[in-house]
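Per my numbering, residue 26 is the first one in the sequence shown, and the count goes up by one each step. Ideal Cβ placement from N, Cα and C applies to all residues, glycine included. Data first, discussion second: the structure below is written as C-alpha cells.
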Amino acid sequence: SLQVSIGEKESEPKFVIIHDFLAHYPFDLDANGNRVEDDTNILSYPGQHTYAGKALINMIDLILEVDPDAVIVLQADHGLHMFSAEEIDEALGAGSSVDIWNSVFSAIRVPEQYQNGDEQYALANPLNISRYIVNRFVGENYDYLAGDGAD
Numbered sequence: 026s027l028q029v030s031i032g033e034k035e036s037e038p039k040f041v042i043i044h045d046f047l048a049h050y051p052f053d054l055d056a057n058g059n060r061v062e063d064d065t066n067i068l069s070y071p072g073q074h075t076y077a078g079k080a081l082i083n084m085i086d087l088i089l090e091v092d093p094d095a096v097i098v099l100q101a102d103h104g105l106h107m108f109s110a111e112e113i114d115e116a117l118g119a120g121s122s123v124d125i126w127n128s129v130f131s132a133i134r135v136p137e138q139y140q141n142g143d144e145q146y147a148l149a150n151p152l153n154i155s156r157y158i159v160n161r162f163v164g165e166n167y168d169y170l171a172g173d174g175a176d
C-alpha cells in the first residue's frame, strides 16, 4: 500500500492509494482467509475472491471510522487473466470466462455535501472517475467521456 498525504496539517485532506493485491494470483487463501494447499489451482480463485471482498469491506469500514465524510473510489483494472478462457470454462463451467475474463468493477462513494451533480458522469464510464475527482476537488479541467468504457 502507498499513502500520499497532501497538506501538512492533520485537518487537511489526504489522498491515500491502497493497491490491494489480495485478489491477484497466486490464489493462496480460501473464503475465510486460511491458506490453501495448491495456490496455482484455478479452483482456489473463487474462495480467494470471496475473501478479498470481505477484506475490502473491512478496509472501507476502517476508513469510515476515521473519516465518515471520506470520498472512496474502488476500481479493478482487469478480471481473471492467469488462465486461458478455455481453462476457465473447463474448471468453472462453460461460459464462465465470458463473465470473469474482463469483469471489472468501478464504484465511488461521494458524501452528499461534496456532490455537485456530475456524479452521473463518473458512474457512466469508469474512465471518468479520475476526471470527476480532479474536476470536483482540484478544479474543472477535463471533459467527461461517453459510454461504458468499452470503446
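C-alpha gap between residue i and residue j, whole angstroms
i      : j      : result
Phe108 : Asp124 : 14 Å
Gly32  : Phe40  : Bear in mind that the predicted position of Gly32 carries a pLDDT of just 49, short of 50, making it unreliable; the figure below should be weighed with that in mind. Straight-line Cα distance between these residues: approximately 9 Å.
Ala56  : Glu115 : 21 Å
Ser26  : Phe46  : Caution applies to Ser26, whose pLDDT of 44 falls short of 50 and renders its modelled position unreliable; the value that the coordinates give is listed next. Rounded to the nearest angstrom, the two C-alpha atoms are 9 Å apart.
Ile82  : Glu144 : 22 Å
Leu148 : Glu137 : 15 Å
Glu90  : Met84  : 10 Å
Ile88  : Ile97  : 9 Å
Enclosing beta strand (DSSP E) for residue i [first to last residue]
i      : result
Val41  : 40–42
Arg134 : 131–134
Ile97  : 97–100
Beta-bridge pairing of residue i - partner residues as DSSP gives them
i      : result
Gln73  : Looking at the DSSP assignment, Gln73 forms no beta bridge with any residue, so it has no partner.
Gln138 : Gln138 is not bridged to any residue.
Arg161 : In DSSP, Arg161 forms no bridge with anything.
Candidates the options, of which the one nearest residue i by Cα
i     : options                    : result
His74 : Val91, Phe52, Asp94, Asp63 : Phe52
Beta-carbon proximity check, residue i vs residue j, cutoff 8 Å
i      : j      : result
Ala95  : Ala48  : no
Tyr139 : Tyr146 : no
Ile67  : Glu111 : no
Asn150 : Leu170 : yes
Gln100 : Ile42  : no
Boundaries of the alpha helix (DSSP H) in which residue i is found, first to last residue
i      : result
Ile125 : 121–125
Glu115 : 110–117
Leu178 : Lying before the first or after the last residue shown, residue 178 is absent from the chain, which here runs from 26 to 176.
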